[in-house]
Ligand code: HEM
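In the numbering used here, the protein residues as written are 424 to 717.
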C-alpha cells in the first residue's frame, strides 16, 4: 500500500503526502464533472473549466506538475534543516506524481490538437517553448522509469544519483517553458523560479564551500541561510524589474520601488523571501545549538 512505510506500517507522512498529491487531480475531476469538460463548461464557465476546458486543464495539470517538481527539490534542504530524515521517504512519491501530472499535460495537449500526431510533432519542432517543454518531459520520463527499487539496484547508488541530478536541468527547462508560455503575467513563474534559485544556490554553497566554513554538523551556518534568503529575494526583485523592462519597456526602477511601496500588491520577491525565511526559521529551531565535534 502506498500509505505504508517499507516495513508495511501505516505512515501518516506518506498518507498525508498521497492525499496532497491526489487533491489537485480530484479537483480537476470535480471541475470536469460539475461543468462538463466540453459542453457544459461553455454554458457555465464559472462552474466548469471555462470556455476552453481542455486548454484550461492543460494549464491546471502543468502548473501542479511544476509545483511538485520544485517540491521534490525542497526535500533535501528541508530534511537537513528539520533533521527529519523520513522526508526522503516521500520524495519518490512526489516525483512520480509530478510525472503522472505531466503525462496528463502532454496527453491533453494531444487531445487539444484533435489527436493529430503529425501536427503535435511539428508544433513541438516549430515552437521553441514546446521544444523546451518536450525535452523536460523526456527527462522526467527517464527519471520516472528509473524511480523504482529494481532500477536503483541495477544502476547502483552513484550512477542513480548522477542520473537524478538531471532534475536540476529539467526544472530549469520547465521554468523557462512556464515563463515563455505565460506571456504577460509572469507572477507565479517568477515565484517558482525564485524558489528554485534559492534551492540551487543552497546546493551550490554545499558543494563548493570548504568544510571549515560549514558548522560542525556539516550544515551551512544560520547567518548564511538568513543572508541567502534575503539575497535570493533581492535577486528576484531585480530580475522582475529588469525582465519586465526588457519585455514590456516598463521603467525598472518603478517596478523595483513598487516592491517596497506595495503599490502593486506583494511582489514575487517577497514570496521568495517568505520561503527562505521559513527554511531559516526551521533551521533556527531545529539546528541550534551546533553539536560539538566528537
Ligand atoms: C511534451 C511536452 C510539453 C508540451 C507539449 C506542453 C504544452 C503546453 C501548452 C500547450 C501549454 C499552454 C500554452 C498556452 O495555452 O498558451 C503549457 C503550459 C504549461 N506547461 Fe507545458 N508542455 C510540455 C511540457 C511541460 C513540462 C515538462 C512542464 C513542467 C514540469 C510543463 C509545465 C507547464 C506549465 C507550468 C504551464 C503553464 C500553466 C499555467 O498557465 O498556469 N509543461 N504547456
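Virtual Cβ for every residue (Gly too), placed ideally from N, Cα, C.
Remember, it's a predicted structure, so these values are computed and weren't measured experimentally.
For residue i, which residues in the same chain have their Cβ closer than 7 Å to its Cβ, ignoring the five residues on either side in sequence?
i: residue 575; result: 583
i: residue 605; result: 612
i: residue 559; result: 593, 596, 597, 600
Just to confirm before moving on: does the CB-CB distance between residue i and residue j stay below 7 Å?
i: residue 553; j: residue 546; result: yes
i: residue 528; j: residue 456; result: no
i: residue 628; j: residue 643; result: yes
i: residue 699; j: residue 652; result: yes
i: residue 488; j: residue 525; result: yes
i: residue 594; j: residue 492; result: yes
i: residue 452; j: residue 531; result: no
i: residue 659; j: residue 505; result: no
i: residue 648; j: residue 683; result: no
i: residue 494; j: residue 517; result: yes
i: residue 567; j: residue 636; result: no
i: residue 781; j: residue 625; result: Since the displayed the chain opens at 424 and closes at 717, residue 781 lies outside it and no answer follows.
i: residue 444; j: residue 520; result: yes
Which residue comes first and which comes last in the alpha helix (DSSP H) that contains residue i?
i: residue 673; result: From DSSP, residue 673 is part of no alpha helix (DSSP H); its letter is neither H nor E.
i: residue 571; result: Counting along the chain, residue 571 falls outside any alpha helix (DSSP H), and DSSP gives it neither H nor E.
i: residue 630; result: 610-631
i: residue 522; result: 511-535
i: residue 432; result: Note, residue 432: premise wrong, no alpha helix (DSSP H); not H, not E.
i: residue 579; result: Counting along the chain, residue 579 falls outside any alpha helix (DSSP H), and DSSP gives it neither H nor E.
i: residue 604; result: 589-605
i: residue 710; result: 691-710
Please work out which residues of its chain come closer than 6 Å, Cβ to Cβ, to residue i, disregarding the five sequence neighbours upstream and downstream, and give them in chain order.
i: residue 496; result: 622
i: residue 542; result: 536
i: residue 589; result: 562
Considering only residues of the same chain and omitting the five flanking positions on each side of residue i, which have a CB-CB separation below 8 Å?
i: residue 551; result: 603
i: residue 513; result: 436, 437, 440, 498
i: residue 426; result: 433, 434, 437, 438, 441
The region 688-705 / the region 600-615 touching (three or more Cβ pairs under 8 Å):
Yes, the region 688-705 touches the region 600-615.
Between the region 662-678 and the region 594-601, do at least 3 Cβ pairs fall closer than 8 Å?
No contact exists between the region 662-678 and the region 594-601.
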